[in-house]
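**Q** Under my numbering, the first residue of the sequence shown is numbered 2, with each subsequent residue one higher.
Here it is, the structure in full.
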Amino acid sequence: MKKEAILHIPLSQYAYATGEKDITIRLRAAKGDLCSCQLYYGDRVDQNPVIRMTNIKMTLVSSDDLFDYYETRLNNIYPRLCYYFALEDGCQRQYYYERGFCTQIGYNRTEYFQFPYIRREDIISPPAWAQDLIMYQIFPDSFATEKGSIVKMAKSIETGDGMISANRLGGTIQGISENIEYIRELGINCIYLNPVFMANSYHKYDTADYFMVDACMGTLEELKEMVAICHRNHIRVILDGVFNHCGPDFFAFRDVLTYGSKSRYYDWFYDMPEPVCYKDPPDYAAFAYVKEMPKLNTSNPQLEKYLIDVGTYWIREADIDGWRLDVANEVNHDFWRHFKTAVKAVKPQFFLIGEIWEDAGVWLLGDQFDSTMNYRFSYLCKDFFATRTMTVSEFDAQMHKMIMRYPEQVSLVQMNFLDTHDVPRFLSYCVGDRRRLRLAYFYLFMGYGVPSVFYGDEYYIEGETENAYRSPMPWGSEDNCYDILREYAQIRREHSAIRNGTYRTVLCQDEKGLYLFLRENEQEKILIALNNSDEEQEISDKAWRIPPMQGDIRIL
């Protein structure tokens, strides 16, 4: 038995509550090492001298390149739980306790793993509607000025208080409103907008006024009307919140530039020197060393209150449904805890998505975010579908590793995508083969997590530089895959197993590029096949032919 590979951590993705009397327990072991895994569990405050334990066989639910993952779900269980594992590898039986391994059953309750108490406040509960999302990301400056069109019009506007707003292509909030029907017909039920608040740059990540809609993009009334139109069309709206840093025209930064350490806002900024000089490179903390983006000190109580007021203001004022939170991993955890408490008090089913490119486990324990932007998903799809530098087996293993790194209810609402405003377009990696993009999108819609389409991918936008991958929407082009993506969205909407079911590997054939996996819940089973090769492949035992670079489903 490879004991060094065996792992269980209480109060983590290996032991988490899904309800006030429901717990999921997982155990990790070396791949192929165990032939049996059982869980023994009981009430940790059992009044008997020896705790009465119940045993249950754990199920092998997932495997990656190195490990197997066993799982069991306990329902109507005690609010306080103690437990241990009985493991067999065909040669020996070992009991796995919090203190380690033993060949004999231990009866001292202090040796057991503990789940101290299922507190309802600690149950990870993303919005009930989040699993059903099909998202569409819009970069406002690049999208539209009117129905089915973007009239490129670069401009700069100076407001009455000296702030300057600029754009590059001219997209507006009104342009988004006039194209909601287009978005709805694609099968989308949620849009995520990059920043729309007053800022100097065209991208609006250098916020000047958090309470004002950007002058180049529109007005407060236009934003409120856009949200209302979306809601009438059963589309939710997520805005982009930039709270790690601000822009040079933010009133507090202006005050600090004028008064230095005597400014009442001096401590609103992180590691601000004295004297304060606005220069390049900056000698103050800034996002990515960009002088136009001074870093905010979100541990300052006054600034924390100000930014939390921003978060709740737009819920009350515009009825938005979620925040995507920029550079979330560079902001202190307590701020996010307080932010979540405040916005959920206003709208309990509000959705919080953090921009975290790596493993986000510490932000996804139920006290900060509901979801994060899952860049790991996009990396794997690029390697498997676009560049074909990864085999079917390798792709499958990495997908299982990705799914298992969070509790189930978190993994199911991770924001998955092929590309965003921050990375080259997926098609740019596909060596001119658009079939690879379409197959990757098929997997995005059939896979585990929430799919998100970046505007213009349906028109085959390419681009490796910032201006290129933020190109204007090519409205009216007949060269598109709009109907194909709409079909994928319809399949996802019609089958709940694809939205919230388990993910099980059925077949990996590296030499044929053939991948089959099963999505299953209590209502249905959906078998999904992908042919990531240039030749038709046959699944002989199922009399099923899959055309080259295509996917298909079967309802079992």
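Idealized CB from N, CA, C, for every residue including glycine.
#1: Specify, as a first and last residue, the run of the beta strand (DSSP E) that Arg555 falls within.
#2: Tell me the DSSP bridge mates of His246?
#3: So, are the CB atoms of Val451 and Met416 less than 9 angstroms apart?
#4: Is the closest heavy atom of the ligand ADP to the C-beta of Leu12 under 8 angstroms?
#5: Under 8 angstroms Cβ to Cβ from Ala16, same chain only, skipping five residues before and after it: list those, please.
#6: Do Asp241 and Asp327 have their C-beta atoms within less than 9 angstroms of each other?
#7: How about Ile165 and Val238: are their beta carbons less than 9 angstroms apart?
#8: Buried or exposed: where does Leu170 fall if 16 or more other Cβ atoms within 10 Å of its Cβ makes it buried?
#9: What is the rounded straight-line gap between the Cα of Ser534 and the Cα of His334?
#10: Going by C-alpha to C-alpha distance, which of His422, Tyr430, Ala498 sits closest to Met447?
#11: For Asp256, does the three-state DSSP call read helix, strand or coil?
#12: Looking at C-alpha atoms only, which residue of Tyr444, Asp322, Asn56 is the closest neighbour of His235?
#13: I need the straight-line Cα distance from Arg555 to Ile529, nearest angstrom please.
#14: Between the Cα of Ala30 and those of Phe396, Tyr97, His496, Pro249, spot the shortest distance and give me the residue it belongs to.
#15: Answer with buried or exposed for Pro50, where buried requires no fewer than 16 other C-beta atoms within 10 angstroms of its C-beta.
#16: Leu365 to Gly161, Cα distance in whole Å?
#17: DSSP three-state call for Lys280: helix, strand or coil?
#18: On the DSSP bridge list, what partners appear for Pro452?
#19: Kindly indicate which residue of Val344, Phe144, Ile354 has the alpha-carbon position closest to the one of Ala329.
#20: Compute the Euclidean distance between the alpha carbons of Thr299 and Trp269, then round it to the nearest angstrom.
#21: If I follow the unbroken alpha helix (DSSP H) through Ile181, where does it start and stop?
#22: With 16 as the cutoff for other CB atoms within 10 Å, does Ala469 come out buried or exposed?
#23: Based on Cα-Cα distance, which residue from Cys83, Lys526, Lys22, Phe68 lies nearest to Tyr42?
#24: List in chain order: all unbroken beta strand (DSSP E) runs of 3+ residues lying wholly within the region 344-399.
#25: Go ahead and pull the three-state DSSP assignment for Thr25.
#26: Does the Cβ-Cβ distance between Met294 and Asp397 come in under 9 angstroms?
#27: Could you work out which residue in Phe102, Asp423, Val197, His246 is closest to Glu222 when comparing CA atoms only?
#28: Indicate the three-state DSSP secondary structure (helix, strand or coil) for Leu508 in the structure shown.
#29: Taking Cβ positions, are Tyr483 and Leu187 nearer each other than 9 angstroms?
#30: For the alpha helix (DSSP H) containing Val311, list its first residue and its last residue.
#31: Which residues share a DSSP beta bridge with Phe86?
#32: Along the chain, where does the alpha helix (DSSP H) containing Lys526 start, and where does it finish?
#33: Go through the region 148-207 residue by residue and report every complete run of the beta strand (DSSP E) that reaches 3 residues or more, in order.
#34: If Glu537 sits next to Arg546, beta carbons under 8 angstroms apart, how far is it from one beta carbon to the other, in whole angstroms?
#35: Considering only their Cβ atoms, is the gap separating Tyr211 from Leu304 smaller than 9 angstroms?
#36: Find the nearest neighbour of Leu495 within the set Glu72, Lys341, Asp133, Phe518, judged by alpha-carbon distance.
**A** Short version:
#1: Residue 555 sits at position 554 when you count from the first residue of the sequence shown. Note, Arg555: beta strand (DSSP E), 551-556.
#2: One-based indexing of the sequence shown puts residue 246 at position 245. Answer by DSSP bridge pairing, in chain order: Lys296.
#3: Within the sequence shown, numbered from 1, the residue matching residue 451 stands at position 450. Within the sequence shown, numbered from 1, the residue matching residue 416 stands at position 415. It is a contact, given that the beta carbons lie within the stated cut-off.
#4: As far as ligands go, the structure on display features none, and thus does not contain the ligand ADP.
#5: Residue numbering aside, residue 16 sits at position 15 when the sequence shown is read from its first letter. Excluding sequence neighbours, Ala16 sits near His9, Ile10, Ile24, Thr25, Ile26, Arg27, Phe114, Phe116.
#6: As a first step, residue 241 is located in the sequence shown; it is residue number 240 there, counting from the start. As a first step, residue 327 is located in the sequence shown; it is residue number 326 there, counting from the start. Contact: yes.
#7: Indexing the sequence shown from 1 puts residue 165 at position 164. Indexing the sequence shown from 1 puts residue 238 at position 237. No; because the gap between Cβ atoms is not below 9 angstroms, this pair is not in contact.
#8: As a working mapping, residue 170 is identified with position 169 in the sequence shown. So Leu170 ends up on the buried side.
#9: Position 533 of the sequence shown holds residue 534. Position 333 of the sequence shown holds residue 334. For Ser534 and His334, the distance between alpha carbons rounds to 45 angstroms.
#10: Position 446 of the sequence shown, counting from 1, holds the residue named residue 447. With distances taken between Cα atoms, Met447 lies closest to Ala498.
#11: Counting from 1 along the sequence shown, the entry for residue 256 is found at position 255. Here Asp256 sits in helix by DSSP.
#12: Counting from one through the sequence shown, the residue named residue 235 turns up at place 234. Closest option to His235, Cα to Cα, is Asp322.
#13: As a position in the sequence shown, residue 555 is number 554, starting the count at 1. As a position in the sequence shown, residue 529 is number 528, starting the count at 1. Going from the Cα of Arg555 to the Cα of Ile529 covers about 7 angstroms.
#14: The residue you call residue 30 lines up with position 29 of the sequence shown. Of the listed residues, the one whose Cα sits closest to Ala30 is Tyr97.
#15: Within the sequence shown, numbered from 1, the residue matching residue 50 stands at position 49. It counts as exposed.
#16: Sequence index remark: in the sequence shown, residue 365 carries index 364 (1-based). Sequence index remark: in the sequence shown, residue 161 carries index 160 (1-based). So the two alpha carbons sit approximately 42 angstroms from each other.
#17: Here the question's residue 280 lines up with position 279 in the sequence shown. The answer is coil: DSSP assigns Lys280 none of H, G, I, E or B.
#18: For this step, residue 452 is matched to residue 451 along the sequence shown. BP columns for Pro452 point to Asn417.
#19: Along the sequence shown, one-based indexing puts residue 329 at 328. Ranking Val344, Phe144, Ile354 by Cα distance to Ala329 puts Ile354 first.
#20: Taking the first residue of the sequence shown as 1, we reach residue 299 at position 298. Taking the first residue of the sequence shown as 1, we reach residue 269 at position 268. Going from the Cα of Thr299 to the Cα of Trp269 covers about 7 angstroms.
#21: Translated into the one-based positions of the sequence shown, residue 181 becomes position 180. From DSSP, the alpha helix (DSSP H) with Ile181 extends over 181-186.
#22: Position 468 of the sequence shown, counted from the start, is the residue given in the question as residue 469. Counting Cβ neighbours within 10 Å, Ala469 comes out exposed, since fewer than 16 surround it.
#23: Position 41 of the sequence shown, counted from the start, is the residue given in the question as residue 42. Nearest C-alpha to Tyr42: Cys83.
#24: 352-355
#25: The residue given as residue 25 occupies position 24 in the sequence shown. Strand at Thr25.
#26: Position 293 of the sequence shown holds residue 294. Position 396 of the sequence shown holds residue 397. Contact: no.
#27: Position 221 of the sequence shown, counted from the start, is the residue given in the question as residue 222. Taking only the C-alpha atoms, the option nearest Glu222 is Val197.
#28: Within the sequence shown, numbered from 1, the residue matching residue 508 stands at position 507. In the structure shown, Leu508 sits in a strand (DSSP, three-state: E or B).
#29: Position 482 of the sequence shown, counted from the start, is the residue given in the question as residue 483. Position 186 of the sequence shown, counted from the start, is the residue given in the question as residue 187. It is a contact, given that the beta carbons lie within the stated cut-off.
#30: Working through the sequence shown from its first residue, we reach residue 311 at position 310. Here the alpha helix (DSSP H) through Val311 covers 302-319.
#31: By 1-based counting over the sequence shown, the position of residue 86 is 85. Partner(s): Leu40, Tyr97.
#32: One-based indexing of the sequence shown puts residue 526 at position 525. Careful: Lys526 lies outside any alpha helix (DSSP H), inside the beta strand (DSSP E) at 526-532.
#33: 157-159, 165-167, 191-194, 198-200
#34: On the sequence shown, residue 537 is found 536 positions in, with the first residue counted as 1. On the sequence shown, residue 546 is found 545 positions in, with the first residue counted as 1. Yes, they are in contact, since the Cβ atoms of Glu537 and Arg546 sit about 6 angstroms apart, within 8 angstroms.
#35: The residue labelled residue 304 in the question sits at position 303 within the sequence shown. The residue labelled residue 211 in the question sits at position 210 within the sequence shown. No; because the gap between Cβ atoms is not below 9 angstroms, this pair is not in contact.
#36: Stepping through the sequence shown from its first residue, residue 495 is reached at position 494. The sequence shown places Glu at residue 495, not Leu. Nearest option by C-alpha distance: Asp133.
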